[in-house]
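Here the structure is laid out as structure tokens; the discussion comes afterwards.
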Amino acid sequence: MTTETAPTAPLRAPRSRQRFERKRDDILDAATDLINERGAKGTALLDVARAVGLNTTSVTYYFRRKDQLAAAVFERTTERLTEMVRVAGAEATPEARVRRFVQLHAELRAAVLRGDARPLASLSDVRALEEPLRVPLEKQYQALFREVRAFFGAPADEAHKDLLTARAHILLELVFWLPIWISQYALDDFPRVTKRLFDILARGMAVPGAVWRPRTLAEDSGDFGAGEGGRENFLRVATQLINESGYRGASVERIVEKLKVTKGSFYHHLDAKDDLVLECFRRSYKRVANMQSRAHCSRSNEWDSLSTAIASLLDIQFEASWPLTRTTALQALPAPVRLEVVQRSNRTALRFAGTLTEGAAEGSLRVVDPLVASQMIIAMLNAAFDLRKWASRLPRDRAIAIYASVIMDGMFDDHVLAGD
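For the sequence shown, my numbering assigns the number 1124 to the initial residue and increments by one for each residue that follows.
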């Protein structure tokens, strides 16, 4: 299935106008591929021109600057997403809407892999655009988000709205993360994988009657180095900037300005920016692995291990002083570096999958597809940083419980609001 919108031009438009629209679409298609590969700031008009057989001057006839081209790409992707939201939103029940939304994204990914549809652009670089271009796009996305939140009906009160906000946020992150991992399956397996994913969304990972009482573990001091101005401070500030502005937004200039040190100090600790970003990811996955190991070693059962690891990692994300590195930086990394990051993410997911498998065997966790469920956990944890302001309005343990309930209890279970 494709989600391209119908042309808005009249059916009997002049041929010159039709040619203009076709070439403009070709430029947007090429720019989408390049932005997904290199990020918006790493995409040059020259490269787009070469991809469509034009010179740069010809491309500027359609888009005068590359940031205008990037904004047009993001606008088209948001429009396509909105169309998918509205198709799913036309279903009769919350369950049917969520199921249809996930199906639409799996079908789109299959169509992209077959060469029958164009991919969506990653929207992570929207935040790196200048305000006049960024603000209208953010408003578009906020409107889309509200429509996704409406999948679950109108909130009964402010606490219920908090829960629906978490559901919508995680659902969107799950479909954005889907292309990263579902491609390892055969295309004819996509419907079965989607069915397993929806089963977890509907019924969660916890067994009926399980009580959410995790232990929130503080990070070991060994996970960090000591000393202001040292390597660890560069990693901390770089992670914050990557999470807030993407790969290109985390420039060496901004990092040294925030730390009030010289560029020479930066290069004393790190050889280049790619080394810095890769080290941010390595450090993040090491921190996750350490937390998984500590939760496992001190567990009473696998449900306790999983809930403790998730709660502790969400605490890090909501604290936000040194969060885990957001995968928004992934697209702009050089291919070999990107491959290492994805491999590390998959190893982290496999450890969660082991917990899920052992928990199902002992009866403390539901029997679910552990590979699918583990990728859902990765997406949920990754996205939590973006809800740090939402979480700051609530007691920390309450924010963690509400957020985690979305995949622990399922998207249609409200009992977390009763504090049970």
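Just so you know, even glycine gets a beta-carbon here, dropped at the ideal spot from N, CA and C.
Assigned with DSSP and collapsed to three states, Leu1488 falls in strand. Nearest C-alpha to Ile1150 among Asn1178, Ile1501, Trp1513 and Gly1165: Asn1178.
If one requires a minimum length of 4 residues, the alpha helix (DSSP H) runs lying completely within the region 1415 to 1479 are 1425 to 1442, in chain order.
In this structure, Phe1224 places its C-beta atom within 9 Å of the C-beta atom of Leu1294. In this structure Cys1420 is exposed. Its beta-carbon is surrounded by fewer than 16 other beta-carbon atoms within 10 angstroms. By a beta-carbon distance limit of 8 Å, Ile1305 does not contact Asp1248. Their separation comes to about 23 Å. For the set Phe1186, Tyr1370 and Arg1474, the Cα lying nearest the Cα of Asn1413 is the one of Arg1474.
Phe1535 is positioned such that its CB atom lies closer than 9 Å to that of Pro1217.
Here Val1316 is actually not in contact with Ala1361; their C-beta atoms are around 35 Å apart, not less than 8 Å. Per DSSP, reduced to three states, the secondary structure at Ala1329 is strand.
A residue is called buried when at least 16 other Cβ atoms come within 10 angstroms of its Cβ; Val1258 does not meet this threshold and is exposed.
For Trp1335, the secondary structure class from DSSP, reduced to helix, strand or coil, is coil.
Nearest to Gly1276 by C-alpha distance, out of Arg1489, Ala1541 and Asp1537, is Asp1537. Each of Ser1423, Leu1453 and Gly1353 was checked against the Cα of Asp1397, and the nearest Cα belongs to Leu1453.
Pairing Ala1251 with Tyr1370, the inter-Cα distance amounts to about 9 Å. Cβ-Cβ separation between Arg1449 and Ala1329: approximately 27 Å, too far for a contact (criterion under 8 Å).
Secondary structure note for Phe1197: its alpha helix (DSSP H) is the uninterrupted segment Lys1189 to Gly1212. Of all alpha-carbon atoms in Arg1377, Val1464, Val1298 and Ala1154, the one lying nearest the alpha-carbon of Thr1166 is that of Ala1154. In the three-state scheme derived from DSSP, where H, G and I count as helix and E and B as strand, Ala1277 is classed as coil. Ala1373 and Ile1365 have their alpha carbons spaced roughly 5 Å apart. About 27 Å separates the Cβ atoms of Asp1190 and Glu1270, ruling out a contact at the 8 Å cut-off. Under the 10 Å beta carbon count, Thr1180 is surrounded by fewer than 16 other beta carbons and is classified as exposed. In the same chain as Asp1492, and ignoring 5 residues on each side of it, the C-beta atoms closer than 7 Å to its own belong to Arg1319, in chain order. DSSP places Tyr1526 in the uninterrupted alpha helix (DSSP H) bounded by Arg1519 to Met1531.
With contacts defined as CB atoms closer than 9 Å, Phe1404 and Arg1467 qualify as a contacting pair.
In the three-state scheme derived from DSSP, where H, G and I count as helix and E and B as strand, Asp1536 is classed as coil. In this structure, Thr1471 and Val1411 form a Cβ contact; the two beta carbons are roughly 5 Å apart against a cut-off of 8 Å. Only buried fits Val1298, as 16 or more other CB atoms lie within 10 angstroms of its CB. Where Glu1253 is concerned, there is no enclosing alpha helix (DSSP H), because DSSP gives it neither an H nor an E. Per DSSP, reduced to three states, the secondary structure at Ala1341 is coil, with no helix or strand assignment.
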